[in-house]
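Participant:
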Amino acid sequence: MYERLKSPLKIGKLTLPNRLAMTAMGVNLGKPEGGVTDDLIKFYEARARGGVGLIITEVTRIEGGAGISDPCQMAAYRPGDILELQRLANTVHRWNTRLFIQLQHPGRAASSWVTGTQPVAPSAVASPMGGETPRALSLAECRDMVARFVNAAHIAQMAGMDGVELHGAHGYLINQFLSPAMNFREDEYGGNFDNRMRFILEILKGIRETCGLHFPVSVRINAQEALPGGIDQKEASRIALALEKAGADMINVSCYTEGCIEPGTYPQGWKKHLAHGVKQTLSIPVLSVCNIKEPEAAEQLLAEGVCDLAGLGRALLADPDWVRKAFSGREDEIRPCIGCLSCFGEICSLKRINCAVNPLTGHEREYEQPLINGKGRKVVVVGGGPAGIQAALTLRERGFAPILFDEN
3 MYERLKSPLK
13 IGKLTLPNRL
23 AMTAMGVNLG
33 KPEGGVTDDL
43 IKFYEARARG
53 GVGLIITEVT
63 RIEGGAGISD
73 PCQMAAYRPG
83 DILELQRLAN
93 TVHRWNTRLF
103 IQLQHPGRAA
113 SSWVTGTQPV
123 APSAVASPMG
133 GETPRALSLA
143 ECRDMVARFV
153 NAAHIAQMAG
163 MDGVELHGAH
173 GYLINQFLSP
183 AMNFREDEYG
193 GNFDNRMRFI
203 LEILKGIRET
213 CGLHFPVSVR
223 INAQEALPGG
233 IDQKEASRIA
243 LALEKAGADM
253 INVSCYTEGC
263 IEPGTYPQGW
273 KKHLAHGVKQ
283 TLSIPVLSVC
293 NIKEPEAAEQ
303 LLAEGVCDLA
313 GLGRALLADP
323 DWVRKAFSGR
333 EDEIRPCIGC
343 LSCFGEICSL
353 KRINCAVNPL
363 TGHEREYEQP
373 LINGKGRKVV
383 VVGGGPAGIQ
393 AALTLRERGF
403 APILFDEN
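Residue numbering for the sequence shown follows our numbering, starting at 3 and increasing by one per position.
1. Does the pairing of the stretch 310 to 328 with the stretch 19 to 31 give three or more beta-carbon distances under 8 Å?
2. Around the C-beta of GLU263, are 16 or more other C-beta atoms found within 10 angstroms, so that it is buried, or is it exposed?
3. Candidates GLY249, CYS292 and LEU229: which alpha carbon is nearest GLY266's?
4. Looking at C-beta atoms only, is the number of pairs between the stretch 206 to 223 and the stretch 187 to 195 that lie closer than 8 Å three or more?
5. Can you list, in chain order, the residues of its chain with a C-beta nearer than 6 Å to that of ALA158? Leave out the 5 residues immediately preceding and following it.
6. I'd like the ranges of any beta strand (DSSP E) spanning at least 3 consecutive residues and lying wholly in the stretch 143 to 171.
7. Provide the residue(s) that pair with TYR258 in DSSP beta bridges, ordered along the chain.
8. Measure the beta-carbon distance from LEU311 to PRO338 and round it to whole angstroms, keeping in mind my assumption that it falls under 8 Å.
9. Does the beta-carbon of GLU167, which I'm using as the reference point, lie nearer than 7 Å to any heavy atom of the ligand MN?
10. How far does the alpha helix (DSSP H) with GLY208 in it reach, from first residue to last?
11. Nearest to ARG354 by alpha carbon, out of GLY32, MET199 and VAL325?
12. Determine which residues share a DSSP beta bridge with GLN104 and list them.
13. Within 10 angstroms of the Cβ of SER129, are there 16 or more other Cβ atoms? Answer buried if so, exposed if not.
14. Going by alpha carbons, who is nearest to ALA23 out of ILE294, ARG110 and PRO182?
15. Let me confirm a value: LEU215 is counted as buried when at least 16 other C-beta atoms fall within 10 Å, else exposed. Which label applies?
16. DSSP puts ARG222 in a beta bridge; with which residues?
17. Measure the beta-carbon distance from HIS169 to VAL61 and round it to whole angstroms, keeping in mind my assumption that it falls under 8 Å.
18. Using the Cβ count rule (16 or more neighbours within 10 Å means buried), how would you classify ILE64?
19. According to DSSP, simplified to helix, strand and coil, what is THR17?
20. Work out the CA separation of GLU370 and CYS144 for me, nearest whole Å.
21. Would you call the CB atoms of TYR268 and ALA171 closer than 8 Å?
22. Kindly indicate which residue of LEU303, LYS247, GLY401 and SER285 has the alpha-carbon position closest to the one of GLY271.
23. So, at 6 Å on beta carbons, what are the nonlocal neighbours of THR17 in its own chain, with the 5 sequence-adjacent residues on each side left out?
24. In the DSSP output, which residue or residues are listed as bridge partners for PRO413?
25. So what does DSSP say about SER290, is it helix, strand or coil?
26. Hey, quick one: how far does the beta strand (DSSP E) through ILE233 stretch, first residue to last?
27. Is it buried or exposed, GLU416, if we count other Cβ atoms within 10 angstroms and call 16 or more buried?
28. Rounded to whole angstroms, how far is the Cβ of SER220 from the Cβ of MET252, which I believe are closer than 8 Å?
29. Taking the straight line between their C-alpha atoms, what separation do you get for PRO73 and VAL116?
30. Compare the Cα-Cα distances from LEU141 to each of HIS278, PRO361, VAL122 and PRO230 and report the closest residue.
31. Could you tell me which residues DSSP puts in a beta bridge with PRO121?
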């Protein structure tokens, strides 16, 4: 079963043990200054222990101030960040999982309420969803920002990360340079396609010069933007091809709608045509995120040639052991994501990650070693809803013999 998913994959010179990746999601488990906490490490370790081949971390800031997206996201711009990130890398590697850090700058998506300063962007144009009008970066500041991304990649490399992902999607700074719907500059960083590509191509060039030719770099892009004049699939394929020629090792295909996320009721694989369209132009691996909840759907993506690597997001919040269960023939034991977006709502409220169906998500450290004191004693749990089932599971884990009663 799932022989395609179980097969290894090379990203540049790096080999992944399987073709399932945990894609980047904000978790807000770090320190306010960007350091790594035990909570953050245990969160990612649970997913590594669960068997996923690649973990791509949450968005990681490349500078303070206007570069902050979330109050407690990770950071990769100071010498002291190396040891912090090294703790995470060493832990994940114990489980034979590869680790990429996602480098991001929010640009106009930042909030002065969080950062304490005015947002910056390619152009002084606020998001259509509202928010603050950013300050347009000067030419010198654009070049300085390129250097900051390169520095962050070098810090990630020195910390033992297996690679980096440049977040060029979802309306953040790199995306703001790429998209004609967000970039209205009239200098060398705006206007025609080549100028809009300049910012990210300079970042890639700098990473190659600083980190070497064989340090893996993934780039996340939008294959479609629900914005007037935004990137469409044809332009996305052109962007992806230019990135491959510049030395990118993988393209992570997503899409973007200002201010919202796909409802959980959307079918699995609903946007696979976007990844498939981009993949036709490339020889490097493509990662696809397609609201995957079941192993069969992920295997089907590979069978159809949609992508080379299937991305899992909320599915791994609901069940960190998703991969291990799938590969051992225990698919029926996977705790499914129900698409309620409780996780997304908490992050948007600047709170730590959680999951409506998995109370341990974001609390892995607290419950790492449950108190075992049941001694086989029987406990009756009345009600077979989510709370009752979880109570019974927890009681069993603690050594009790729960008896669950449900009206059915």
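Every residue gets a Cβ at the ideal spot worked out from N, C-alpha and C, and that includes glycine.
Facilitator: For this structure:
1. Segments in contact, yes.
2. The sequence shown places Ile at residue 263, not Glu. Around the CB of ILE263, fewer than 16 other CB atoms lie within 10 Å, so the residue is classed as exposed.
3. When each option's Cα is compared against that of GLY266, the closest is CYS292.
4. They do not touch, by the three-pair rule.
5. So the list reads ALA78, ILE103 and VAL166, once near-sequence residues are dropped.
6. Listed in chain order, they are 165 to 170.
7. TYR258 has GLU227 as its beta-bridge partners, per DSSP.
8. A Cβ-Cβ distance of about 21 Å is found for the pair LEU311 and PRO338, leaving them out of contact under the 8 Å criterion.
9. The ligand MN is absent from the structure shown, which contains no ligands of any kind.
10. Residues 195 to 213.
11. When the alpha-carbon of ARG354 is set against those of GLY32, MET199 and VAL325, the nearest one is in GLY32.
12. BP columns for GLN104 point to VAL61 and GLU167.
13. Around the C-beta of SER129, 16 or more other C-beta atoms lie within 10 Å, and the residue is accordingly described as buried.
14. Restricting attention to ILE294, ARG110 and PRO182, the CA atom closest to the CA of ALA23 is found in ILE294.
15. In this structure LEU215 is exposed. Its beta-carbon is surrounded by fewer than 16 other beta-carbon atoms within 10 angstroms.
16. For ARG222, which the question treats as bridged, DSSP gives the partners HIS169 and ASN254.
17. The distance from the Cβ of HIS169 to that of VAL61 is about 6 Å, consistent with a contact at the 8 Å cut-off.
18. Result: buried.
19. In this structure, THR17 counts as strand in the three-state DSSP scheme.
20. CYS144 and GLU370: Cα-Cα distance of roughly 45 Å.
21. In this structure, the beta-carbon distance from TYR268 to ALA171 does not fall below 8 Å.
22. Looking at LEU303, LYS247, GLY401 and SER285, the one whose alpha-carbon comes closest to that of GLY271 is LEU303.
23. Closer than 6 Å at the Cβ level, and outside the excluded window around THR17, lie PRO10.
24. In the structure displayed, the chain extends from 3 to 410; residue 413 sits before or after that span and is not available.
25. Reduced to three states, the DSSP call for SER290 is strand.
26. If you look at ILE233, you'll find it isn't in any beta strand (DSSP E); DSSP assigns it neither H nor E.
27. Because the chain spans 3 through 410 in this model, residue 416 falls outside it and cannot be assessed.
28. Sure, about 4 Å apart at Cβ, within 8 Å.
29. For PRO73 and VAL116, the distance between alpha carbons rounds to 7 Å.
30. Among HIS278, PRO361, VAL122 and PRO230, the Cα nearest to that of LEU141 is on VAL122.
31. BP columns for PRO121 are empty, so no partner.
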